[in-house]
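Residue numbers 1445 to 1632, in the numbering used here, belong to the letters of the sequence shown in order.
Note that CB positions come from ideal geometry on N, CA and C, so glycine has one too.
Step one of this worksheet: look at the structure below.
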Amino acid sequence: MASTSKASRFFDLADQREYALCQSINNQAVRFRPVLDYFRVVSRLGDGWFWYALILTLPLITPAHGPALAILMAFTGLTCTITYKCLKRWLIRERPFISFPAINCGTPPLDRYSFPSGHTLHAACFQAMLFAAMPMLAWWVLPFTLSVAASRVVLGLHYPSDVVAGALIGGSMGWVSVLMFEGMLVAL
């Protein structure tokens, strides 16, 4: 309980410091319907649909090590899901649109809490894995990954620190996964 109250006090302070930036980004996007629609679509694809499609096509794109990378991405993605769900339940940071009614919720969230951004965590994880295993494809996917991260703040679902934390955790998990199972990727 003591760690939760410490986390709560920390997030209360961080929320106040990030509020103005969140509100500014969110309000600017809401004014321009095409921008808002773009980030809604990116967010929906970032729910997993884009990544599922990519994982399923990897064996077709590169038969040499695509199947092994696809399996590794699927298992690493599951590990990411467990990680961010545990962190959210333990740290309990409310989403910006909940804490600050002036911030508009651009799309319904998949879960209640904000820290870290699960969408960004997965996107950064898979991006890191692609850079390690298939750099040419990684460059093509990078704009989508960056758009997913931006969408979380634009849509009022996350604070910038949620996105940064998600990127750091996910990117680290992706790199570690590839390093740990590098032999599997080369063997096939």
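Would you report the Cα separation of residue 1569 and residue 1475, rounded to the nearest angstrom? 32 angstroms
Alpha helix (DSSP H) segments (min. 4 residues) lying fully within the stretch 1547–1590: 1562–1577
Which residue's Cα is closest to the Cα of residue 1494: 1510, 1571 and 1509? 1571
Contact defined as beta carbons within less than 8 angstroms: I believe residue 1483 pairs with residue 1598. What is the distance between those atoms, to the nearest angstrom? 5 angstroms
Whose C-beta lies closer than 7 angstroms to the C-beta of residue 1621 among residues of the same chain, with five residues either side of it excluded? 1516, 1520 and 1573
For the alpha helix (DSSP H) that contains residue 1544, what are its first and last residues? Per DSSP, residue 1544 belongs to no alpha helix (DSSP H) and is neither H nor E.
What residue range is occupied by the uninterrupted alpha helix (DSSP H) comprising residue 1493? From DSSP, residue 1493 is part of no alpha helix (DSSP H); its letter is neither H nor E.
The alpha helix (DSSP H) with residue 1603 in it runs from where to where? Neither: residue 1603 is in no alpha helix (DSSP H) and is coded neither H nor E.
Is the separation between the beta-carbon of residue 1600 and that of residue 1550 shorter than 8 angstroms? yes
According to the Cβ coordinates, are residue 1487 and residue 1563 closer than 8 angstroms? yes
State the Cα-Cα distance for the pair residue 1468 and residue 1525, rounded to the nearest angstrom. 30 angstroms
Distance between residue 1530 and residue 1545 (C-alpha atoms, nearest Å): 27 angstroms
Where does residue 1507 fall in DSSP's three states? coil
Inter-residue Cα distance where the pair is residue 1479 and residue 1473: 6 angstroms
Could you check how far apart the C-beta atoms of residue 1561 and residue 1610 are, in whole angstroms? I think they sit under 8 angstroms. 4 angstroms
Hey, how far is the Cα of residue 1548 from the Cα of residue 1605? 18 angstroms
What did DSSP end up calling residue 1455 once you bin it into helix, strand or coil? helix
Straight-line Cα distance separating residue 1582 from residue 1514: 14 angstroms
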